[in-house]
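Residue numbers (our numbering): 40 to 596. C-beta: ideal position from N, C-alpha, C; glycine also. Please read all numbers here as calculations on a predicted model, not as lab measurements. Notes follow the structure.
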Amino acid sequence: MIMPFQQAPPALGNQYEDDSVLRSYLRRTIPAEVLREIEPALVEMGRLAGGELYQMQLADRLNEPTLTQWDAWGNRIDRIELTPLWRVAERIAAEHGVVATAYEQKHGRFSRVHQCALAYLFTPSTDIYSCPLAMSDGAARTLLDSGNQALIERAVPHLTSRDPKAFWTSGQWMTELTGGSDVGASETIAKPDLTRNSNSETANWLLYGRKWFTSAATSQIALTLARPEGNPPGGRGLALFYLEMRDEHGRLHNISIDRLKDKLGTRKVPTAELTLDGTPAQLVLGTTDGVRNIAPLLNITRLWNGISAVSLMRRSIALALDYSQKRSVFGAPLSEKPLHMDTLAGLQAEAEAAFHLAFMVAELTGRAETAEIVEEQSLLLRLLTPLMKLTTARQVVAVISEALEAFGGAGYVEDTGLPMLLRDAQVLPIWEGTTNVLALDALRALGADDRTFTALKLSLTRCLASVNDKRLAEPVRIVRAALAHAESWLAEARQAGTPALEAGARRFALTLGRATELALLCSHAQWSRESENETGSTDAARRFGASGIDLIAASDL
40 MIMPFQQAPP ALGNQYEDDS VLRSYLRRTI PAEVLREIEP ALVEMGRLAG
90 GELYQMQLAD RLNEPTLTQW DAWGNRIDRI ELTPLWRVAE RIAAEHGVVA
140 TAYEQKHGRF SRVHQCALAY LFTPSTDIYS CPLAMSDGAA RTLLDSGNQA
190 LIERAVPHLT SRDPKAFWTS GQWMTELTGG SDVGASETIA KPDLTRNSNS
240 ETANWLLYGR KWFTSAATSQ IALTLARPEG NPPGGRGLAL FYLEMRDEHG
290 RLHNISIDRL KDKLGTRKVP TAELTLDGTP AQLVLGTTDG VRNIAPLLNI
340 TRLWNGISAV SLMRRSIALA LDYSQKRSVF GAPLSEKPLH MDTLAGLQAE
390 AEAAFHLAFM VAELTGRAET AEIVEEQSLL LRLLTPLMKL TTARQVVAVI
440 SEALEAFGGA GYVEDTGLPM LLRDAQVLPI WEGTTNVLAL DALRALGADD
490 RTFTALKLSL TRCLASVNDK RLAEPVRIVR AALAHAESWL AEARQAGTPA
540 LEAGARRFAL TLGRATELAL LCSHAQWSRE SENETGSTDA ARRFGASGID
590 LIAASDL
């Protein structure tokens with residue numbers, strides 16, 4: 040009897056041990072004694088990510104959070120039930136210190152890189168549980184930077200706990216019907232709680248308004264923007280507030296959960312519309328300048344956005360590579376088809392370049408958090424954070440779309456679990472600032488003088504100084520030419536005025552982002568050839584350099 044054909048699905052191994060890019064990067068950037076200490080935790084997270092978490096993710100595919108607004112007796116309860124995968128993800132994230140590692144500071148500035156490596160491994164198997172973790176990390180950083188000792192003592196130990204029973208996550212409530220990026224148009228009002236002696240900035244306030252898009256609505260706390268009564272319109276008139284969602288009996292603090300959002304992707308994330316009707320809150324830092332005061336949170340969540348982007352790219356390529364060895368067409372496995380493997384090699388080049396930019400921002404963040412940063416690096420961090428976020432977010436959608444095509448029809452079938460990757464990736468160019476918003480943010484980071492652009496140019500010049508492999512000569516030339524073009528465009532656009540600057544900002548920002556990625560990739564490729572006798576990163580740099588780095592158009596002025 041002839042047995043019918045059975046196609047083996049793609050599978051994953053240990054996601055740390057199988058990731059040569061991550062392991063090579065860590066060998067280059069982390070001192071050997073530190074790497075020996077942290078590697079067992081990375082191996083274990085890699086095992087979970089490629090094993091039981093991945094299997095649970097596939098089994099949990101159809102589950103989504105549910106909102107029960109009323110109990111059987113007509114009482115408003117607004118209870119959200121999370122999916123089994125998310126409940127497990129919360130425990131694992133706490134126990135493995137996916138937030139805590141950055142704050143325990145066991146290895147100084149390398150602690151942030153260690154944490155990002157954990158998040159990179161953890162994220163693709165947990166259906167964007169990275170969302171509440173990112174906001175919790177950002178909330179901890181914001182509270183610490185605020186100097187508000189009462190709130191630091193109250194919340195930070197929970198946000199950075201390894202005990203699942205003590206661990207808190209945080210929401211980030213900024214988006215309203217008036218807009219997401221234009222937070223200065225917020226309509227939420229803060230009134231002093233006259234029953235609680237609200238004559239000082241440490242006293243309670245009551246918040247009134249609607250928050251249109253609040254991710255991770257099951258978090259214990261949130262940082263939110265609201266306008267104290269009498270304050271002027273615009274961003275400066277907003278203040279940053281801290282609130283706890285429920286009282287000691289588990290009842291919501293004058294918060295109504297109106298509905299859960301029906302989204303394209305990130306469907307495991309319980310994103311809600313909320314109404315605040317006298318919700319008690321406390322000022323974090325002053326009665327004005329809330330947008331500026333929440334900036335540390337945004338910088339951290341933008342870092343997480345980039346780490347999530349490179350991790351999802353890595354997952355799609357890992358599955359496609361494994362499948363290429365199991366799927367035979369026209370008499371041979373896909374892994375023996377030159378065109379198929381050339382396509383995957385192009386995706387790998389994009390992912391590898393993006394990886395180095397995301398982790399460079401992690402390195403700079405670690406330096407800033409441990410006061411091991413000089414002015415040039417501070418300027419660089421301010422510029423590269425939006426550049427990294429916007430560049431990697433554009434890349435992840437394109438890479439995963441192409442990776443799904445590598446599976447043929449199976450990449451379009453829901454129960455393979457593959458389409459979810461693309462739907463989840465699509466949030467990354469939108470969340471924490473769209474590409475256009477971030478391009479304008481990059482222009483603001485550059486300012487009106489040349490200091491910040493000079494800092495970038497000096498950093499990339501040093502990066503390329505050690506690159507002497509003849510095979511990398513053309514990628515190095517491409518970086519230098521793109522930087523020179525970007526510098527001349529910026530000078531001319533500044534003279535032409537604001538409309539010219541803004542119209543070309545997107546292509547300018549993407550050019551800087553991709554040129555930085557290529558420079559970092561070339562530098563690592565040189566190191567890898569000399570230290571590991573490996574040439575994979577050299578091949579990736581050559582491919583990436585030929586894929587389009589300078590995107591500034593002749594019509595941009």
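Length of the line joining the Cα atoms of residue i and residue j
{"i": "T537", "j": "W528", "result": "13 angstroms"}
{"i": "H146", "j": "S363", "result": "40 angstroms"}
{"i": "L216", "j": "G248", "result": "10 angstroms"}
{"i": "C502", "j": "A320", "result": "47 angstroms"}
{"i": "G543", "j": "A592", "result": "8 angstroms"}
{"i": "D202", "j": "L92", "result": "20 angstroms"}
{"i": "P309", "j": "T253", "result": "8 angstroms"}
{"i": "R67", "j": "W566", "result": "8 angstroms"}
{"i": "A50", "j": "L124", "result": "19 angstroms"}
{"i": "V73", "j": "A410", "result": "19 angstroms"}
{"i": "E441", "j": "G447", "result": "10 angstroms"}
{"i": "N332", "j": "Y55", "result": "36 angstroms"}
{"i": "A613", "j": "S350", "result": "Nothing about residue 613 can be reported from this structure: the residues present for the chain run from 40 to 596 only."}
{"i": "L315", "j": "H292", "result": "9 angstroms"}
{"i": "A564", "j": "G405", "result": "23 angstroms"}
{"i": "R545", "j": "G113", "result": "52 angstroms"}
{"i": "L336", "j": "L245", "result": "23 angstroms"}
{"i": "Y168", "j": "T162", "result": "7 angstroms"}
{"i": "D454", "j": "V127", "result": "21 angstroms"}
Beta carbon of residue i nearer than 7 angstroms to that of residue j
{"i": "K428", "j": "L477", "result": "yes"}
{"i": "I296", "j": "D110", "result": "no"}
{"i": "Q154", "j": "T140", "result": "yes"}
{"i": "G85", "j": "L182", "result": "no"}
{"i": "L443", "j": "V400", "result": "no"}
{"i": "V60", "j": "E391", "result": "yes"}
{"i": "R100", "j": "G456", "result": "yes"}
{"i": "L419", "j": "S498", "result": "yes"}
{"i": "G304", "j": "Q144", "result": "no"}
{"i": "S225", "j": "L190", "result": "no"}
{"i": "L198", "j": "A179", "result": "yes"}
{"i": "I590", "j": "A554", "result": "Looking at the sequence shown, residue 590 is not Ile but Leu. Contact flag unset, no."}
{"i": "D480", "j": "P514", "result": "no"}
{"i": "L386", "j": "V435", "result": "no"}
{"i": "A255", "j": "P196", "result": "no"}
{"i": "F583", "j": "A348", "result": "no"}
{"i": "A432", "j": "L467", "result": "yes"}
Segment limits, alpha helix (DSSP H) that includes residue i
{"i": "E215", "result": "Element bounds for E215: n/a, residue is neither H nor E."}
{"i": "N332", "result": "G329 to N332"}
{"i": "I77", "result": "A71 to G89"}
{"i": "A390", "result": "P377 to E408"}
{"i": "K496", "result": "R490 to A504"}
{"i": "L560", "result": "A544 to E571"}
{"i": "P514", "result": "A512 to A535"}
{"i": "T430", "result": "E414 to E444"}
{"i": "T107", "result": "Element bounds for T107: not the alpha helix (DSSP H) but the beta strand (DSSP E), T105 to W109."}
Burial state of residue i, where buried means 16 or more other Cβ atoms lie within 10 Å
{"i": "M42", "result": "exposed"}
{"i": "A512", "result": "exposed"}
{"i": "L313", "result": "buried"}
{"i": "E408", "result": "buried"}
{"i": "D58", "result": "buried"}
{"i": "E569", "result": "exposed"}
{"i": "Q46", "result": "exposed"}
{"i": "A504", "result": "exposed"}
{"i": "N238", "result": "The predicted model places N238 with a pLDDT of 48, which falls under 50 and marks its position as unreliable, so this point remains unresolved."}
{"i": "D463", "result": "buried"}
{"i": "G486", "result": "exposed"}
{"i": "Q96", "result": "buried"}
{"i": "K204", "result": "exposed"}
{"i": "H288", "result": "exposed"}
{"i": "Y451", "result": "exposed"}
{"i": "G186", "result": "exposed"}
Residue i Cβ short of 6 angstroms to the ligand COA heavy atom set
{"i": "V435", "result": "This structure does not include the ligand COA; it has no bound ligands of any sort."}
Limits of the beta strand (DSSP E) - the one that residue i falls within
{"i": "T314", "result": "A311 to L322"}
{"i": "R275", "result": "Here R275 belongs to no beta strand (DSSP E), and DSSP marks it neither H nor E."}
{"i": "G248", "result": "N243 to T253"}
{"i": "L262", "result": "I260 to P267"}
{"i": "L299", "result": "I294 to L299"}
Whole-number beta carbon distance between residue j and residue i, since they are thought to touch under 8 angstroms
{"i": "S175", "j": "W207", "result": "7 angstroms"}
{"i": "T526", "j": "F492", "result": "Residue identity check: residue 526 is Glu in the sequence provided, not Thr. Contact holds; Cβ gap of about 6 angstroms."}
{"i": "T430", "j": "L540", "result": "19 angstroms between Cβ atoms; not a contact."}
Chain D contact for residue i (CB, 7 angstroms cutoff)
{"i": "R354", "result": "Protein chain content of the structure displayed is limited to a single chain, and chain D is not contained in it."}
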